[in-house]
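First comes the structure, then the notes that go with it.
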Amino acid sequence: MVAGLVRSLLNEMPPPNILFVMTDQQRFDTIAALGHPHVRTPNLDRLVARGAACTNAYSTCPVCVPARYSIMTGCEPSRTSWLSNWVPGNSVSQRCGPYLAETLAARGYRTWGLGKFHTEPRLEPLGFEVHERSEELFPTEAEFLGDDYVQWLRARAPAFAHLEQVHGERTDMYYVPQTRAMPAALTVEAWLATRAVEELGRADPRPQFGFVSFITPHPPIAPPIPYNRMFDPDDMPSPVHGDPAIDTADDYLAWMNHAVWAEDISPAQARQLRARYCASITFIDACIGRILDAVEARPDADNTLIVFFSDHGDHMGDHGAWQKEGFFEAACRVPYLVSWPGKIPAGTRHVGLTALTDLFGLATSASGAPELRDGHDLLGALQGAAPARESLIGMFGAPGTRHFKCMVRRGDWKYIWLANGGRELLFHLRENPGESRDYSPAAPGELAALRAEAVRVVGARDFTAPALAAGALKALPFEPFPRGRIRQFARGVTDFGQGGVRP
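Residue numbers for the sequence shown follow this note's numbering, beginning at 28 and rising by one.
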């Protein structure tokens with residue numbers, strides 16, 4: 028048995044169970060107990076009361092695949108080499124070391140992972156003893172029929188076998204308010220909660236590491252009945268807008284709007300979408316409640332570390348943007364709750380900077396042998412035994428191209444660099460949390476200091492193409508990204524109109 032478990036046994040303290048629960052594309056401002064009453068989250072509120080809420084938590088590459096590899100490896104995207112969803116397949120673990128599930132399994136943990144993993148290759152082994160997937164798009168019929176949730180649904184309700192998309196309509200309907208085609212009890216969220224409860228109930232002398240990954244509230248935004256009409260659009264906060272020069276600085280966001288048919292969404296439509304988005308979160312919250320009840324039914328409930336987080340947020344109309352892949356708060360700041368009764372003070376707020384890369388170190392520290400990799404000692408910070416993280420840097424896009432951009436967070440300040448046009452923004456998040464004012468002219472010293480920090484960190488990374496030129500962040504002449512649509516068809520449909528349906 029490895030050193031961590033030996034140390035725990037010598038101290039007559041059994042190693043804790045560890046449960047990670049994550050959502051996809053959930054904004055930071057969607058937990059009622061943290062001051063956001065436009066959404067109802069009684070079970071996430073239970074977690075807030077049970078432990079610590081990290082209120083300055085970030086996804087350092089706010090898009091699905093890079094964020095998920097950071098969670099599994101404890102390494103920044105610049106080290107995993109995933110800086111967008113569009114990277115050729117490669118072996119992350121060879122560069123970063125064993126994945127988290129592999130690491131904990133080697134320490135004597137029983138490991139199980141359920142839900143969305145969004146790896147490349149699609150069915151990449153991650154080290155889970157039990158590994159069941161519910162993914163989104165299915166390039167082939169065989170991949171659709173091999174999905175664990177799809178198999179479960181078809182076995183219980185063959186009447187839904189005709190559905191092209193089991194999670195809601197995509198393509199031009201991506202940001203259109205919807206209602207799920209099947210009852211709440213047959214949704215992927217319900218399946219995930221059921222399977223998690225089953226795994227938590229299995230008798231096994233080993234400590235458990237469970238990983239539960241919800242697909243939603245990622246679009247399409249399609250909560251089931253009765254959640255679909257739980258929120259009044261007129262009660263939703265309207266999108267936040269800044270100075271036009273701020274909102275249009277990152278042309279990639281305008282490209283993304285066009286790509287998913289979201290460039291003409293009105294303020295009223297935005298509130299409708301936000302109402303269904305909150306409904307999706309409230310439905311997930313109910314499913315999480317079932318999982319928390321299962322944890323509390325165990326005799327070792329108090330010796331269970333539970334962490335809730337999301338891979339990134341969603342602009343949801345803020346700054347005129349939809350989707351993610353940007354460094355406004357709505358896209359890169361995430362909910363992040365950590366609870367471990369008796370080990371982490373209950374009902375606390377951790378205002379120190381936190382990142383998804385810290386999750387690997389949090390789990391390995393709890394299991395008895397810290398392995399931080401690129402992360403910070405979050406467990407130590409939450410227990411008052413280590414300083415809080417002072418700064419973090421985020422990156423997105425291929426270095427040396429117009430897609431590359433980065434963010435530096437330190438104190439109340441946030442700096443954003445955009446290679447496309449060499450544009451930069453500076454925000455003071457305490458004074459101006461909506462990021463509607465660029466502080467660059469008023470704070471040239473802070474601008475220069477954070478720019479220098481970006482140059483230092485970016486220059487130290489081993490990229491395949493240089494992100495610096497002449498000792499500065501490499502800027503390219505501004506060019507609008509060519510507009511195009513993302514056609515997300517599957518299961519027999521290849522495009523709109525005649526000739527788009529395979530026989």
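For glycine and all other residues, C-beta sits at the position ideal for the given N, C-alpha and C. It should be emphasised that the depicted structure is a prediction, and the values quoted were computed from it without experimental measurement.
By the 10 Å Cβ neighbour count, where 16 or more other Cβ atoms means buried, how is residue i classified, buried or exposed?
| i | result |
| --- | --- |
| G269 | buried |
| A128 | buried |
| S366 | buried |
| G78 | buried |
| T428 | exposed |
| T521 | exposed |
| E103 | buried |
| L71 | buried |
| N44 | buried |
| D174 | buried |
| D404 | buried |
| P41 | exposed |
| N38 | Low per-residue confidence applies at N38: pLDDT is 49, beneath 50, and the placement is therefore not dependable, though the value from the model is reported in the following sentence. By the 10 Å Cβ count, N38 comes out exposed. |
| R512 | exposed |
| G519 | exposed |
| S489 | It is worth fixing the name first, because residue 489 is Asp in this sequence and not Ser. It counts as exposed. |
| A133 | exposed |
| S35 | Here S35 scores only 44 on pLDDT, less than 50, and its place in the model should not be relied on; the value that follows carries that caveat. When all chains shown are included, S35 counts as buried. |
| A76 | exposed |
| V378 | exposed |
| S394 | buried |
| R529 | Because the pLDDT of R529 is 48, which lies under 50, any placement of that residue in the model is unreliable, and the number read from its coordinates should be weighed accordingly. Exposed, because fewer than 16 other Cβ atoms sit within 10 Å of the Cβ of R529. |
| A382 | buried |
| D259 | exposed |
| W113 | exposed |
| K500 | Going by the sequence as given, residue 500 is Leu instead of Lys. The residue in question, L500, is buried, as its Cβ has 16 or more Cβ neighbours within 10 Å. |
Going by alpha carbons, who is nearest to residue i out of the options?
| i | options | result |
| --- | --- | --- |
| F155 | G524, V239 and E417 | V239 |
| P210 | R233, G438, L477 and N255 | N255 |
| P89 | T82, I98 and L180 | I98 |
| A481 | R303, D231, A496 and Y442 | Y442 |
| I242 | A487, H339, E168 and L386 | H339 |
| D261 | P93, P362, K351 and R303 | R303 |
| A286 | S265, A306 and W349 | W349 |
| E417 | L380, E398 and G448 | L380 |
| W109 | N44, L172 and T146 | T146 |
| E458 | E451, G438 and T206 | G438 |
| A94 | P69, A84, A321 and T384 | T384 |
| D327 | E356, A230 and T167 | A230 |
| A408 | G421, S392 and M422 | S392 |
| W288 | Y201, A479 and T87 | Y201 |
| I371 | V215, L406 and D345 | L406 |
| T87 | P69, W113 and R106 | R106 |
| G228 | Q410, L419, G402 and A321 | A321 |
| G124 | W113, D291, Y96 and V114 | Y96 |
| I248 | T206, A212, D259 and D278 | T206 |
| H167 | F516, F523 and G524 | Sequence check: residue 167 is Thr here, not His. Answer by Cα proximity: F516. |
What are the start and end residues of the beta strand (DSSP E) that includes residue i?
| i | result |
| --- | --- |
| F236 | Q235 to P244 |
| L364 | Y363 to S366 |
| L46 | N44 to D51 |
| R376 | T375 to H377 |
Taking the alpha helix (DSSP H) that residue i falls in, what are its first and last residues?
| i | result |
| --- | --- |
| G388 | D385 to A393 |
| N70 | P69 to R77 |
| I58 | Segment: none, I58 is in no alpha helix (DSSP H) and carries neither H nor E. |
| P140 | The residue asked about is misnamed: residue 140 is Gly in this sequence, not Pro. Not the alpha helix (DSSP H): G140 falls in the beta strand (DSSP E), residues R137 to G142. |
| T100 | C91 to T100 |
| G407 | L405 to L409 |
| S108 | No alpha helix (DSSP H) holds S108; DSSP gives it neither H nor E. |
| L122 | Just to set this straight, residue 122 is Arg in the shown sequence, not Leu. From DSSP, the alpha helix (DSSP H) with R122 extends over V119 to C123. |
| R222 | V215 to L227 |
| T198 | Careful: T198 lies outside any alpha helix (DSSP H) and carries neither H nor E. |
| T130 | L127 to A132 |
| A230 | Looking at the DSSP string, A230 is not in any alpha helix (DSSP H), and its letter there is neither H nor E. |
| C359 | E356 to C359 |
3-residue-minimum beta strand (DSSP E) runs that sit fully inside the region 271-350, ordered along the chain:
Runs of the beta strand (DSSP E) inside the region 271-350: 331-337.
If you scan the region 149-184 from start to end, which runs of the alpha helix (DSSP H) of 4 or more residues do you find wholly inside it?
You should have 168-173 and 175-183.
Are the region 458-466 and the region 268-283 touching, with three or more C-beta to C-beta distances below 8 Å?
The region 458-466 vs the region 268-283: in contact.
Between the region 216-227 and the region 310-317, do at least 3 Cβ pairs fall closer than 8 Å?
These segments touch.
Report the start-end ranges of each beta strand (DSSP E) in the region 411-488 that is 3 residues or longer and not cut off at the edges.
As far as the region 411-488 is concerned, its whole beta strand (DSSP E) runs of at least 3 residues are 418-423, 432-437, 440-445 and 450-455.
Count the C-beta pairs between the region 183-199 and the region 291-298 that are closer than 8 Å, then say yes if the count reaches three, no if not.
No, the region 183-199 is not in contact with the region 291-298.
Flag this pair as touching only if the region 327-334 and the region 364-379 have three or more C-beta atom pairs under 8 Å; answer yes or no.
Note that the region 327-334 touches the region 364-379; at least 3 beta-carbon pairs, one per stretch, sit closer than 8 Å.
Decide if the region 126-143 is in contact with the region 156-165; the criterion is three or more beta carbon pairs, one per stretch, under 8 Å apart.
Yes: the two stretches touch, three or more of their Cβ pairs being nearer than 8 Å.
Within 8 Å, do at least three Cβ pairs link the region 342-360 to the region 273-288?
Flag = yes, the region 273-288 and the region 342-360 touch.
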